[in-house]
Structure formats: C-alpha cells, structure tokens
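J.:
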Amino acid sequence: MVPVAGRAASAEKGGRVRYRLTVKGTVQGVGFRPFVYHLAMKYGLKGFVRNDAQGVYVEVEGGEEEVKRFCKELRQHPPRLARIAELLVEVLPPAGYSAFEIDSSRAAPEKEALVPPDVAICPDCAREIFDPENRHYLYPFTNCTNCGPRFTIVRELPYDRARTSMASFPMCPDCSREYHDPLDRRFHAQPVACPRCGPQLELYDAQGRSVEGDWRENCWELLRAGKILAVKGLGGFHLACNALDPRAVALLRQRKRRPHKPLAVMARDVEVVRRFCELGPLEEELLTSPAAPIVVLKRRPEAGLPEELAPGLKTLGVMLPYTPLHLLLLQGPLPLLVMTSGNRSGLPLCKDNERAWEELGDIADYFLIHNRDIVNRCDDSVVAVMGDTPVFYRRSRGYVPQPVKVPTGEGPVVLGIGGEMKNTFCLLRRGEAFLSQHIGELDTVEGEENLKTSLENFTRLLGVKPEVIGYDLHPDYRSSRLARELEAKYRFAVQHHHAHMASCLAENGVEGPAIGVILDGTGYGTDGCLWGFEILTGDFSRFERHYHLAYVPLPGGEAAIKHPWRIAVSYLLTFLGEEGREWSRRLFGAKEQELSLVEKIITQRINAPLACGCGRLFDAVAALLGVRWEISYEGQAAIELGEMVLPLEKGKRLPPYPFAFGGEEISPAPLFLELLADLARGEDKRIISTRFHNTVVAMVREAVARVARSTGLTAVALSGGTWQNPYLFALARESLEALGLKVLYHRQVPANDGGLCLGQAAVAYKRWWEECV
Amino acid sequence: MAQDVILLAHGDGGALTYRLVKDLFLRYFPGQALQALTDAAALDLPAGRLAVSTDAFVVSPPFFPGGDIGKLAVCGTVNDLAVSGARPLYLTASFLLEEGLSLADLERVVASMAATCREAGVEIVAGDTKVVERGKLDRIFISTTGVGIIPPEVDLGYHRVAPGDRILVNGGMGEHGLAILALRSGLDFAGQLKSDCAPLNGIIADLLAAVPGVKLMRDLTRGGLVTAAKEIALATGKDLLLEEEAIPVSGLVRGAADLLGLDPLYLANEGKFMAIVAPEEAEKALAVLRQHPLGKEAAIVGEVREGKGNVYLRTAFGGTKLMDMLAGAPLPRIC
Ligand SMILES: [Fe+3]
Ligand SMILES: [Mg+2]
Ligand SMILES: [Zn+2]
Ligand SMILES: [Zn+2]
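Dropping the structure here:
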C-alpha cells in the first residue's frame, strides 16, 4: 500500500475536509462500492463513489476526524474478496456535497481495475436456496456481492452487468430493487438473478429432448442408475457420475478413453470428505476457501472408494460444491460425484452448449445445461498440501486473473507465452504478473485456438498490448510458433529450464543470482539435447549449466515417453553395457521381438535424441520395478513410483544408492547396479523406491554443495514438474536447508509447466531492459 | 579383375560397353526402337497431349523386400505419368554403375526393370550407361524419363478441386519408407515389411475410365500422404481434412512406426496414390479401386474444404491436428 500522497492540506484543523481516494487492485465486483457507501453512512460523510477503469474512485467530505477514520477502516477492513493493491489519497478543498451517492460505472482509457476471480457460493446464498420462503429457493444461479461468477462471465471492463454474459437477462423488479439498494447484500452484485429473471437450467437426454419433471429428482435418479451426465458449470462442462458406483466410473473411463488418469470428485460437504479422505487443517481451509479448488487428499483405504477413481494411486482430487447448482445437485441421495472436466481427451474444456452436444455426445447420457454463456473458459484449479505448504498443480478457476507480485519494474508489457503442455500464459506489467487460466495441451488446432482466443480476451480485459514476448527455445512448440507470429517489437527465446528457474525466483520476489535445481521431464536445451535434470546458476537475464544427469538416447523420441520400459532399456544399455543387456532381457523378456528392436534403435541411435530428464529417470526405475511399463497419462509411472515411498521420517534413514560425478555429468550407473542387486535379492519395492528417491536428493545435494562452494551463492530455487513429488520435495528442502542454504520453491504458481510462462516473462523483461533500452 | 564385375571400361564406349549393351540390355529390353541402336528413338504417338516426366533413383541398398532399384525406376516414372492422367508409353533409362558392381546384380536389376515394363505395358526406347570409380555411389543409380499421352477427354488439375470433393487412397500408407528404413538399420520386424512398389497405370486407367469425376491425382512418394496433401492445399488454397481412423495403415507398419516414433502418414510409398473425386462419384471410385489387386485396401480418407491451404487430421480422439510438412525428425514436446 502506498502511503498517503497528495497536495498540501487546505483544510483548517477540525473543519470540513474533502478527500479523494483512488483504490486499485481487486476492487470491482467484490462489493466495494456498497462497502464504501456503508462506511460513509457510518461516519456521516458526503460525496460519491464510482468504479472507473483504474479501480474505485471515492470522494468523501465531512469532519476531518471522521474522514480519517473512514480512510483507516477502508484500508484495514476491506470486503472479504477485495484486494487493495494501491491506495492514493489526495486532500481537496470542500465541495459542499449534500449526500453520499453511488455513481454508475464509467470507462476510462487505461484499464487498471481487475476482474475478480470467480467465487464459491457464500453461506448466506447457500442458506437462501434451501429456504422455501425465500424467492431464491432452489434457484441454481443465486449469487450476491460476496459470491458467484466473475472472471468467467466478463467480456469487457469495467466490470458491470452490461459487459458480462448476464447482459441478456434484464433484472426483474425484485432483483433490480436489491441491486439498487445500498443496504442490500446484492447491491451492485453484477450477476444478480432469480428464478423469474435469471438463467434457466434444463435437463436433456442425449437426443436433445427435454426431460420432464424436477431436474434434481431426475438427475439423482439417473446418477443412481449409473448414467453419465454432462453438467454445465461455471467455467465449463463437467462429466458427472456416481463416484461410489464402480461400473459407472468404469463406463465413464471407457467412453472418455481415459483408462487411468485420476478423476476428480465433488463431495457434498466436509463431513463426506472426511469420511473418504484424510483431511488436515490446511487442506480443509483450501477446500472451503472462496476459490474452492480441487484439493489432492490421501484416501482412506478402509473407506471403500472404488479403485477406478484413481487406479494405482493413494490420493484423490476432491472439491466441494462451489455453485448453487452443484450444491443443489449434491444435496440429494448421492454424497460423492465424479466431476471430471467435460472434454474429449487432449481437447480444451467444453464451454458452449452447441459444442457440448458435438463433443460430449458420445460420452454423456444426459445434459444438464443452462443458458448463461461462459465467456472465459476456466478449468478447476488443483492444489495439494506439501508439508506446511499449499502448492498448485494447476492454477485456474478461483485464482485467475489475480496477479502475482514479481520483482520487475517499469517498462513495456511483457507476454510469457508458456509451454506446449499444461500451457498458461502470463502478462507482466509493472511488477504484476497476470497468469492466465489453464489453457492445457496445444497439440491440436482446438488447443491452439484456445490459447489464441484466451490471449485476446485476457489482453482486452487488461487493456494492454504486449510489446515484448518470451517463448520457449523448442523449435516445435506451438506456443513458440505463435509467439513468432504475434505482433510485438521484441522477442526472446528462453531456455525451458531457465524459465522454470526464473519463474521460481520471480514468485519469491528474488531476481537472483541463485542456484537452480530444475527437475523436469524433457525440455529443449541449448545443445539441441533434451534437458531435465539441471543444476544451474543464474538470474533473470542469464544462466549457466553446472551439472546435469548423464544423457541417454530416447528410442523413438516422444514415443519412448509413452512406454517407460523402453527408457529403462536405454538406461540399462547405456550405463551397464552387456550386463545391462542381460538385465533388460531378464526384466522385459515378455516384450520379445520388440525388445531387440528397441535395443537396436538405441544402439544405432535411430530417431533417438539424447535426454537427461529427471522424469525419464523416474520412468526407467518405475519400469524396472514393474510399477508400470506403459502409461496412459503424462507422468503416470513417476507418480505411481512416487507414491510407493515410505513415510518421510522412516524413509530418510535409508541410505541412497551410489552415483558418480564425471565432469558436468552425474552418472546413474552405480545407482542402477545396486538397485538391480536389490531387485535380484527380492528387496521390498517400497524400500527400493524410497532409496531411489533418496539418491535423487543426494545427487541434488552433492551437486548444489559443489556449486555453492565454487560460487558462494546461498539461495537455491527448486522448479520443474518433478518437485510435485511430496517426498522428494520435503527431503530435498530439508537437506538443502541443512547445508545452510535458503530454499526457494513454488507456492503461487505451479512448479510444472503451468508456471513456465512467468519465468519466460521475467527473463524477456530483463533481456529487453539490458539489450533494448 | 574377373569378368563378372563392372569395370571402368564398361563405360568408356568401347568394346566392353558394346558387349554390355548387346548381351544384357538388348536381351532384356525387346523394344524395336531400342534394338535399332540409333542415336535417338523415333516414336509414333497417338493423339492427345504429350506428358513427360523424369526421375533419378538412388535408393540404397538397391535390393529390398518387395522390389529393387530397377523396379522402382520404372514404377516411379510410370506412376508420375499415370497420376497426371497420361497413358505411359515409352521410357528411357540412364545407368550409373559403380566400378566393381557384379554383373549378376546388374542383370537382376535389368531383368526386374524388364518385367515391370511388361507389367506396366511400357517400352524402354533409349538408354545410356556410365561407370564411376568405386565408392562414388552405392552400386547403381538409375535415371528414367518417360513419355505418355493424356487423352483429349482427360482433364485433371488443381483448377478442378472444389470444396466437398472426397480424398481417396488405394491402400496402406508407409510401407516403402519403413521397409527401406528397417533394412538400412538392420531392424527386422516380425512379418517382414515389404515395399509396396508397383506400377499404378493399370488401376488408374480403370479409375479414369469409370469415373469422370476424378479431378486430381498424386502419387504418395517422399513425404507421404501428408506432404502430397499439403502441396495440393497450398496450390489450391483450400483445406484438406483427413480422417485418421479412415486412413489404411497395416498393423505391421503401425507397430514398427510406433517403435521408431515415426508417423506413417509422412512415410514414402511407391505404389500408392491419392485421388480427389467429386463427392457424388466417391463411392463408385472406391468400388472401382477395390476391384483392382492394387486397390484392395482403398479407402475414402477425407475431403476438401473451403480454407486457407491447410491440411488437418481429425484424430481418433476427436481432436484436430494441423499437419505441416516435416522439417527433420520431430523432437519430443512432452515435458
Ligand atoms: Fe518443464
Ligand atoms: Mg518425378
Ligand atoms: Zn452469496
Ligand atoms: Zn429477478
């Protein structure tokens, strides 16, 4: 917050004064104007409040003491959802206002006001929809100043009903009265609606025939009968079925062609969550927060959840009902529903009704659809608690478009366009990074379109035009290609792991230099190889590579990533020679002819680029242990191997396997030798997995210690998707802190490629500053 | 040096050259125009537009499952003529031979060319032979030029391609490219991969005779189906939409391509072509193709759309992928 600035006071002590307040930040659509109105009433002040494109603009006039107390309270106790980024106060001569008024919105050229994120239904509205006396009884689109859709319905700023997809629903007299009544809970709540004037819900069968009767009763009956429903929600469609019916879940998996990837569930309330999962206080706080994300929780094995929800995993992604529609659906006979994103595998979340028929027609049996347009597609956010820290797997609904503060200053608006998978992009403006919602995979035309239109919408909402673009060095990333097509003055290609590191530094408010430990899948390196186990040093503008895991050929390139056993064979042949060949025959003999072909592809390097990703090392070990030879979703083998470890306190006492340093390279040859010896002895695979994890941490600690000694750097940034492994993260943090180093990690953006854009933007900003100013 | 290998002198125009021509080429290539051994062949041509095509064949190794460089040299040029709507008539052939090539190998190649010419109904009417020093090439390169006649009633070309037209292929994709790659790398796949090398003028003649709605044809050689489609899209300014699930790819090719991380839609064929056909005649064209031995796996694989010169592939998952020409082997984009 900026201290009081402004012209010299012109009021005599104790007399009447007029203050002008300019409030910036998340101050629109969060009940700020009614709050100001109430506050002005409280202190008997005159003047007005209005939204403008900068934020909220207030003039108050009255006794000096009252005006000051007004300012203090405004600063210290703003509405629950408001976030004041900047408060400017100027003192003006009194104007002689006779009342306090709320001015209607007006637009101004620079759009600094922010659209707030979507907010989960508040307790007041929740109470109303179950109160038969209330006019919002059972109305699935009930909302108020403290809750409801925001980002997902906004077309333009300033945030006003006319500029949202609520524009097509003229308010009825009752709603209008509440909307205009400064003392009402719905005063200036833009999406305010009731059964008489607001959006309507309708249940259809797969042929598009409307289903007669009460939609709730119908849905419950269908879900109980094992049917799959497409449900239009806040930021897109969900596919829903009874989570406690293994056959329904299996059917959904089959139709969605998604054999293993975990499905998120929605639980009726916290009690239900507790019945099925372990729930810590921090996890409960996240679950019930206004953002209402999916929280990844440990399942209670004895609770009898169908294995089909998350095959091979001990965890489950759980969320609570966050719209009145969800709440109404869940307040029935079924306490737990699968609520997975409504899309075809690999395609963007479905948000429009017509597209839903087309895309989900052969997945869903019924469609629960409403007639309010979703303007901005927004997937559910996914968070987890690691030790004492909430971390993002995906930062989207409920958080976007709230900015992240970063240590960059004045200059042009910078776009970080993100990676190829889990894509998000970010707009960096004067020390604030606005990360987009989850865009996802870009390898389809639909995915690429999603990026383009979301980028257009986002830049329009912020009223900016990026002049500088940071993009990934990989020549074939669609995001990089798009970056080259976009109009911009300056473009900077940013190495993938440098971007990861910069992203971590940026969200921690640090420019560097620091040490970076980037454990990742595969990213394009400056030597044309695929990196991903990197010990770097650097800052926003440059980096240096000190150590990395030794390279192995990836047989068939991307094809190998879908078949971890082929990567295992590559490790065996590359590091253990003849002995490795024998082991691969012994372990993967069932692959017969395929095996000898893979061996040849590896030894002759036919379409076998060199790679050193930590994710690939996990793949190899997972395959060796028989955890998984083939995967059906990204990171599956590594995730399943990661879940096999012993609890940290017990696990960390096991010795790591040996490894060797050779120049810049860390050789895993000794690791594989001893791991295979353990395997041969029939050692418990949980112990092998744990020792393997300990080895990765030991590699990191040894390499970091060397770099810290030679450079004198004391901060270490941990980034890259592998850091989402809770055991690895906790142990590495502990052992690096034991070296006396300050460990920086991700809390505001994902450690995976969902956070890449932030680093790209930070690097591009710094390079622009150094090279173009 | 024994007499059963090619010597530099076989190419100097002297006695050895003469013997080679007499004992080998003339024995296998019976055409009158060639037998006359004049400096140029004088040919009678039927009415129509003259089509000429030329190609050099440098495949290494020269013998491969499903064919050899001789068969390929005939098919390649015959197919180029055939997809242009021409009836191929005459070929010329230039041989570049590596010193030390065994005469037996050369004879195998020549015999194979002769057999393929008979199958395709074309005649070799002129030829040339040169020998280069050992190591300058892999045994044998052949260059062929072909002429044919486009009958007056045949009108093929980009100008006829219109939105709604269907895209047909006559069989499985990627067989030649994978067979050669496997052979070169010593990868031996269960159930051997064979090149699909074959002259297409027969099946194309059947198609043209029965289906006037054929608007354009392309053979699917280097770069495979996608590259040919992209060339058409660029030339017409229209989009070509391919349906992944409709495109024939044998299980063997699919498995091998998956291991190697290659996409069969980019792999070379030597006996496959695509035809763009008016929608109302697509089913008929399919039936005609399927009646021919080289079209048993024929399929309708997509259609032409109004657009901007792009090729799209609708995947089995229902997504759409933009297909570009390849520039080198793709690097993994999975992080
Ligand atoms: Fe990454
Ligand atoms: Mg040619
Ligand atoms: Zn509310
Ligand atoms: Zn109303």
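Residue numbers (my numbering), protein chains in the order written: chain A, 133 to 905; chain B, 911 to 1245.
All C-beta atoms, glycine included, are put in the ideal place defined by N, C-alpha and C.
Where does residue 538 of chain A sit, in a helix, a strand or coil, going by DSSP?
T.: coil
J.: Measuring from the CB of residue 1027 of chain B, is there a heavy atom of ligand 1 at a distance below 7 Å?
T.: Result no, Cβ not under 7 Å from ligand 1.
J.: Please report the distance separating the alpha-carbon of residue 241 of chain A from that of residue 289 of chain A.
T.: Because residue 241 of chain A sits at a pLDDT of 41, beneath the cut-off of 50, its placement in the model cannot be relied upon, and the point is left open.
J.: By Cβ distance below 6 Å, which residues in the same chain neighbour residue 515 of chain A in space, the five residues on each side in sequence not counted?
T.: 418, 425, 427, 522 and 524
J.: Residue 478 of chain A and residue 1229 of chain B - do their beta-carbons sit closer together than 8 Å?
T.: yes
J.: Applying the 10 Å Cβ sphere with the 16-neighbour rule, what's the burial state of residue 193 of chain A?
T.: buried
J.: So is the beta-carbon of residue 630 of chain A under 7 Å away from any non-hydrogen atom of ligand 1?
T.: no
J.: With hydrogens ignored, establish whether the beta-carbon of residue 261 of chain A is closer than 7 Å to any heavy atom of ligand 5.
T.: Absent from the structure shown: ligand 5. Ligands present: ligand 1, ligand 2, ligand 3 and ligand 4.
J.: For residue 745 of chain A versus residue 827 of chain A, is the C-beta spacing smaller than 8 Å?
T.: no
J.: Would you mind listing the beta strand (DSSP E) stretches within the region 665 to 748 of chain A that are 3+ residues and don't spill past its ends, in chain order?
T.: 675 to 681
J.: Please state whether DSSP places residue 510 of chain A in a helix, a strand or coil.
T.: coil
J.: Considering only the alpha carbon of each residue, which of A:251, A:473 and A:439 lies closest to residue 398 of chain A?
T.: A:473
J.: Closer than 7 Å, Cβ to Cβ, to anything on chain A: give me those residues from the region 1167 to 1185 of chain B, in chain order.
T.: Correct list: 1168, 1169, 1170, 1171 and 1172.
J.: With which residues is residue 183 of chain A paired in a DSSP beta bridge?
T.: A:188
J.: Got a sec: does ligand 4 put a non-hydrogen atom nearer than 7 Å to the Cβ of residue 303 of chain A?
T.: yes
J.: CB residue 741 of chain A to CB residue 1170 of chain B, shorter than 8 Å?
T.: no
J.: Return the chain-ordered ranges of every beta strand (DSSP E) run that is complete within the region 911 to 978 of chain B and spans a minimum of 3 residues.
T.: 959 to 967
J.: Is it buried or exposed, residue 155 of chain A, if we count other Cβ atoms within 10 angstroms and call 16 or more buried?
T.: buried
J.: Would you mind reading off the limits of the beta strand (DSSP E) that contains residue 471 of chain A?
T.: 468 to 473
J.: Short of 6 Å in beta carbon distance, which residues of its chain neighbour residue 997 of chain B, apart from the five on each side in sequence? Order them along the chain.
T.: 1058 and 1059
J.: Can you name, in chain order, every residue of its own chain whose Cβ lies under 6 Å from the Cβ of residue 148 of chain A, other than the five neighbours on each side?
T.: 226
J.: So, is the C-beta of residue 656 of chain A closer than 8 Å to a C-beta in chain B?
T.: yes
J.: If I measure Cβ to Cβ from residue 893 of chain A and keep anything under 7 Å in the same chain, skipping five residues before and after, which residues do I get?
T.: 546, 547, 548, 558, 560, 565 and 602
J.: Quick one: list the residues of chain A neighbouring residue 1240 of chain B, beta-carbon separation under 8 Å, in chain order.
T.: 608, 689 and 690
J.: Can you list, in chain order, the residues of its chain with a C-beta nearer than 8 Å to that of residue 180 of chain A? Leave out the 5 residues immediately preceding and following it.
T.: 190, 191, 229, 232, 233, 234 and 235
J.: Would you say residue 741 of chain A faces chain B, with C-beta separation under 8 Å as the test?
T.: Interface criterion met: the Cβ of residue 741 of chain A is under 8 Å from a Cβ in chain B.
J.: Give the C-beta separation of residue 1185 of chain B and residue 1195 of chain B to the nearest angstrom, bearing in mind that I take them to be a contact with Cβ-Cβ under 8 Å.
T.: The C-beta separation of residue 1185 of chain B from residue 1195 of chain B comes to about 6 Å, placing the pair in contact by the 8 Å criterion.
J.: Shorter than 8 Å from the beta carbon of residue 477 of chain A to some beta carbon of chain B?
T.: yes
J.: What residues in its chain sit with their C-beta under 6 Å from that of residue 297 of chain A, if we drop five residues either side in the sequence?
T.: 285, 504, 505 and 507
J.: Tell me the DSSP secondary structure of residue 1111 of chain B in three-state form.
T.: It is helical.
J.: Would you please verify whether the beta carbon of residue 856 of chain A is less than 8 Å from any beta carbon of chain B?
T.: no
J.: Would you kindly check if the distance between the Cβ of residue 1106 of chain B and the Cβ of residue 1154 of chain B is under 8 Å?
T.: Cβ distance not < 8 Å, so residue 1154 of chain B and residue 1106 of chain B don't count as in contact.
J.: When the Cα of residue 552 of chain A is compared with those of A:209, A:606, A:698 and A:340, which residue comes out closest?
T.: A:606
J.: If you measure from the beta carbon of residue 929 of chain B to each beta carbon in chain A, is any gap under 8 Å?
T.: no
J.: What are the boundary residues of the beta strand (DSSP E) that includes residue 1218 of chain B?
T.: No beta strand (DSSP E) holds residue 1218 of chain B; DSSP gives it neither H nor E.
J.: Only counting the same chain, and skipping five residues up and downstream in sequence, which positions put a Cβ closer than 8 Å to that of residue 446 of chain A?
T.: If we look at residue 446 of chain A and ignore the five residues flanking it on each side, its Cβ neighbours are 430, 431, 433 and 775.
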